[in-house]
Amino acid sequence: MCKCFTSIFRLSFISKESCISKKKINEKILFNEINYKNYVMINMSTNFKCLVCDRTIGSNELALHKQQEPNGYKYAILWPEYNPLDNYCYDIDVPIYHSAVISKALDVRKVYILDEGKNISGSMKDYLVTKTIKLAEKKKKLIFNLASSGNHALSLARQTQMHGYYSLIFVPESSYKIKHLATYENTLIVALKDATYEDVYRLSNQINVSEIFNANVSNELLITGFQPVARRICALSPLPSHILAGVGNGTYLSGLTWSFQHTLTNIPRIVPVGMKGAFPFESAIKKNINIYKYKNYGVDKTYINEAVGSIALESYNMPQLCYALKISNGFPLGNLQNNDLRNAYLLLMNDKHLMKNGVIPEPTGIMGLAAAIKHKEKFSPDDILLISFTGNAYTSLESIKRLVPELMNDLSKLLSGKSNNVSFVNNQKIKNMVHIHKTISQKDLYMIIQNWMNTLL
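Our numbering applies: residue 108 is where the sequence shown begins, and numbers increase by one.
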């Protein structure tokens with residue numbers, strides 16, 4: 108493979124990263140130029156690798172191939188093989204901290220904490236949504252359809268409102284983030300009774316209206332949207348040896364791996380983290396397959412329910428995440444329960460610098476730290492861990508209060524004066540929500556959507 112690239116492109120690429128790192132100079136994060144692999148300027152193809160049949164698929168064949176494969180639209184079966192040459196990079200104000208307290212507790216060389224809670228909507232889902240909106244704008248679509256149990260929905264609702272667009276969001280009726288979603292008047296919330304996330308996703312994907320952009324699919328295009336944060340990580344010196352994050356559907360870690368594949372000679376080992384009995388990805392890895400589904404949860408949900416964004420019977424992104432582990436030599440860490448999340452918060456509270464800076468994640472967001480504590484033996488004293496706090500605490504206050512009531516005083520102080528970020532509507536007063544059963548007919552569902560769309564005209 109050619110290792111040549113133009114000096115103009117190289118200097119342009121470095122200058123963007125230098126700007127980012129200079130903004131964080133107080134965190135002692137320096138741009139490490141030698142980390143970067145040379146870019147291949149002549150490879151401008153947009154091919155994809157099918158992770159099921161191992162064929163190379165051209166961009167003009169995507170829809171047909173996904174239609175022909177039995178799991179083509181149900182799972183993310185395609186991996187982009189092109190280099191990230193579309194200059195898709197924008198500055199992000201997401202801090203990375205060094206934690207001597209956590210490094211010492213884990214007995215590793217260094218621990219970085221990536222605080223994704225500082226994103227616009229409070230989670231790493233903003234990267235996905237930013238990319239989604241760009242794709243939709245190319246097709247001149249202003250209405251978005253999404254199935255989500257939390258942060259993805261919040262990000263879409265917030266960003267579409269910022270752009271003057273609209274969101275149709277399907278959620279389980281039990282989602283504790285409905286009251287936050289309801290603050291966005293551009294959004295119609297479709298709450299499913301007695302439904303799992305899988306039920307919600309299935310119903311949402313039945314929507315086929317020409318004016319609506321389906322934000323659930325095309326993951327082979329969306330994972331390229333994580334380039335800004337991947338490049339932020341690439342600027343670290345020394346580079347992390349492992350990256351840990353709680354897994355919802357796995358798109359975040361897959362997207363990071365895709366970017367690293369084209370920018371780093373040595374890719375950090377990807378470590379997806381999950382809850383006990385609700386982490387089908389871990390089972391898939393053990394069985395050496397890339398698609399696996401549970402029939403039921405493996406434990407009583409009361410032991411794992413606080414990490415609601417990570418509990419799953421199946422995972423849409425499973426094929427991509429399996430591939431990410433393969434090329435990064437990564438491994439999954441599961442078996443977490445609510446008490447493990449509590450232990451992670453208690454350790455976090457000992458780091459006064461992080462607490463002072465408001466680095467407090469939601470329960471799903473702290474799973475990476477919880478796994479590092481529980482599976483401490485998996486890491487050596489020379490390892491450098493980057494633990495991603497994938498979402499902010501402010502949308503999960505009730506859950507945190509149940510897990511660590513002693514943390515609430517600190518949270519209250521941090522959130523005082525920030526009411527714009529934590530606004531919510533009482534469930535009884537929500538006007539932009541309809542309650543339906545998961546067995547609703549397609550005709551009745553389309554009538555609900557059409558009536559809503561008529562109000563937008």
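Think of the CB as a built atom: it goes at the ideal place given N, C-alpha and C, for glycine as much as any other residue.
Every value quoted in this text rests on a predicted model; they were computed, and no experiment measured them.
- Shown here, Leu221 sits in a strand according to DSSP, grouped into three states.
- Looking at the DSSP output, Asn321 sits in a beta bridge with Asn252.
- DSSP lists Phe155 as the bridge partner or partners of Ile164.
- For Ser495, the three-state secondary structure derived from DSSP is strand.
- With contacts defined as CB atoms closer than 8 Å, His349 and Leu492 qualify as a contacting pair.
- Cβ-Cβ separation between Thr497 and Ala431: approximately 16 Å, too far for a contact (criterion under 8 Å).
- Leu346 sits in coil when the DSSP states are folded into three classes, being neither helix nor strand.
- In the structure shown, Ser311 adopts helical secondary structure according to DSSP, grouped into three states.
- Collapsing the DSSP output to three states places Gly405 in coil.
- Closest in alpha carbon position to Glu280, among Arg265, Leu169, Ile296, Gly271, is Ile296.
- With fewer than 16 other Cβ atoms inside 10 Å of its own Cβ, Ser487 counts as exposed.
- Across the structure, Leu329 and Val201 are spaced so that their CA atoms are roughly 20 Å apart.
- The continuous stretches of beta strand (DSSP E) do not include Met456, which lies in the alpha helix (DSSP H) extending over residues 445 to 456.
- In the three-state reduction of the DSSP assignment, Val297 falls in the strand class, which pools E and B.
- Distance from the CA of Lys394 to the CA of Ile467, rounded to the nearest whole angstrom, comes to 35 Å.
- Secondary structure of Arg216 (DSSP, three-state): coil.
- Taking 8 Å as the cut-off, the beta carbon of Thr290 is found no closer than this to the beta carbon of Gln266.
- Residue ranges of uninterrupted beta strand (DSSP E) with 3 or more members, entirely inside the segment 227 to 284 and ordered along the chain, are 250 to 254, 273 to 279.
- The C-alpha of Arg376 is placed about 6 Å away from the C-alpha of Asn436.
- Contact between Leu448 and Leu518 is ruled out by a C-beta separation of about 15 Å, above the 8 Å threshold.
- Contact check for Val278 and Ser256: beta-carbon distance about 6 Å, within the 8 Å limit, so the pair qualifies.
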